[in-house]
Amino acid sequence: MRQLFKQRRLTFLALHRKYLPYVLNDHFVLVLVFLLGYLLYQYSKLLNHLPENRFPIILVILALFLFLLGLGKPATYLEPADQHFLLCQERYVIKHLKESGRRSFYIWSGLGGLLLLLLYPLFLKLGFGIVTFLGVLALFVSLKWIIQKYKVDTLLAEGHLDWDKAIAYELERQQGVLKFYALFTSVKGLSSKFKNRRYLNFLLAIFPKKSNNLWLHLYARAFLRSSDYLGLFFRLTVLSCLSLSLIKNPYLALTLALVWNYLLFFQLLALYHHYNYYFMAQLYPKTKHLKKKNLLLFLRYLSVLAFLFQAIFCHELIILGGVTIIMLFLSFVYLPYQMKNIID
35 MRQLFKQRRL TFLALHRKYL PYVLNDHFVL VLVFLLGYLL YQYSKLLNHL PENRFPIILV
95 ILALFLFLLG LGKPATYLEP ADQHFLLCQE RYVIKHLKES GRRSFYIWSG LGGLLLLLLY
155 PLFLKLGFGI VTFLGVLALF VSLKWIIQKY KVDTLLAEGH LDWDKAIAYE LERQQGVLKF
215 YALFTSVKGL SSKFKNRRYL NFLLAIFPKK SNNLWLHLYA RAFLRSSDYL GLFFRLTVLS
275 CLSLSLIKNP YLALTLALVW NYLLFFQLLA LYHHYNYYFM AQLYPKTKHL KKKNLLLFLR
335 YLSVLAFLFQ AIFCHELIIL GGVTIIMLFL SFVYLPYQMK NIID
């Protein structure tokens, strides 16, 4: 049994090795380096020129503390068939779950502790001594242990394993990892959830049901009903808006906006293949040229919508002009090029 779960863990680690090079590509690493340098520079300025009103800083530290507490899920590597084939080994599986909880605690409490150590100079500037800081670290580790133990205990019911809940928990964890990698490349094994959001159906009226808009209407329906596409658009647009509004350096703000919008439209290109498994859709007497043309038009509609949201958060004219150039470049240069090279 130990060898079985070890093999599953190694298989999942191999997945990380497969997709991480796509995440840590040259352009993204360069952006991260500039962003890290900017954050360190701002942190240095904060330490040298601490404002008189320190309450907002304490609130930010508290928010970071709570955020770090919530990070980390025990990796159980359970699969749907295990509730049948490993039922007789339930005691060992429970033991494995508790070991996974401890492993998760060691990893995430260590990472969280390192991040809190970076705030030690700020603690001193705020007037707190080393004893207070060590007390905060001890509190963090203690709460982290309680939270990780609670996450494992929720998978148990009266001393027995709740197989359905434990398997669903692990599938959700793995899907979360795959969704992160899906921001950078195409990922296998990613499942989608669909909801009939009737309150958004009025938006479909924007796209007339005409023969030359066949795929345009289908793309809009898939976008509104799929949690992946709609959630992706919402998350990355919000990140871009926050970058434009919170970062005072216009060049850094525009660089981050370019990254978020690039990731957004790169992932939305997957809409082209959304109906590939619907064999009836292949019977439509329409060419692939119309399919690509409709997708390009739909993505340009979305680029206009994203631009309108982001324009609200532009606090300088130069940033508004930069966002305009970014959207025009993505809509009329990047998207046609990517559709030609990736989709073909």
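Heads up, the sequence shown is in the working numbering, so the first residue is 35 and it goes up one at a time.
Quick reminder that beta carbons are idealized off the backbone N, C-alpha and C, glycines included.
Within the same chain, Cβ atoms closer than 6 Å to the Cβ of G135 are found at P108, Q182, V186, the five residues on either side in sequence being excluded. For the 8 Å CB-CB criterion, F257 and L250 do not form a contact. Judged by DSSP in its simplified three-state form, S134 adopts helix. The alpha helix (DSSP H) runs of length 4 or more contained entirely in the region 71–114 are, from start to end of the chain, 89–104. Residue burial annotation: T166 is exposed, with fewer than 16 other C-beta atoms found within 10 angstroms of its C-beta. At least 8 Å separates the beta-carbon of L280 from that of Q344. Cβ neighbours of L354 within its own chain (closer than 8 Å, five residues either side excluded): A345, C348. Distance check between I180 and each of L292, V211, S143, F162 places S143 closest, using alpha-carbon atoms only. Nearest to Q123 by alpha-carbon distance, out of Y77, F39, L212, is F39. Counting along the chain, the unbroken alpha helix (DSSP H) around Y335 starts and ends at 322–346. Under the three-state reduction of DSSP, L120 is assigned to coil, being neither helix nor strand.
Sorting L330, Y368, T289 by C-alpha distance to the C-alpha of F62 places T289 at the top. Excluding sequence positions up to five before and after Y371, its CB lies less than 7 Å from no other CB in the same chain. DSSP, reduced to helix, strand and coil, places A191 within a strand of the structure shown.
In the DSSP assignment, M361 falls within the alpha helix (DSSP H) that extends over 351–363. Secondary structure of S220 (DSSP, three-state): coil. Taking a C-beta distance under 8 Å as the contact criterion, V57 and Y215 qualify as a contact pair.
About 12 Å separates the beta carbon of L177 from that of L105, a gap too long to meet the 8 Å contact definition.
With a cutoff of 8 Å on beta-carbon distance, N246 and L324 are scored as near each other.
A distance below 8 Å between beta-carbons, with the five flanking residues on each side excluded, links M373 to the following residues of its chain, in chain order: L303, Y306, K326, L329, L330. Of the residues assessed, H50 falls on the exposed side of the cut-off, its CB having fewer than 16 other CB atoms within 10 angstroms. Nearest Cα to Y184 within the set F139, L333, T358: F139.
With respect to P155, L81 sits close: the two C-beta atoms are nearer than 8 Å. P85 has its alpha-carbon roughly 40 Å from the corresponding atom of L54. By the beta-carbon neighbour count (other beta carbons within 10 angstroms, threshold 16), Y253 is buried.
Sequence-distant Cβ neighbours of T219 in its own chain, meaning closer than 7 Å and more than five residues away, are Y53, Y56. Ranked by Cα distance from F174, the first of L276, L151, E192, A191 is L151.
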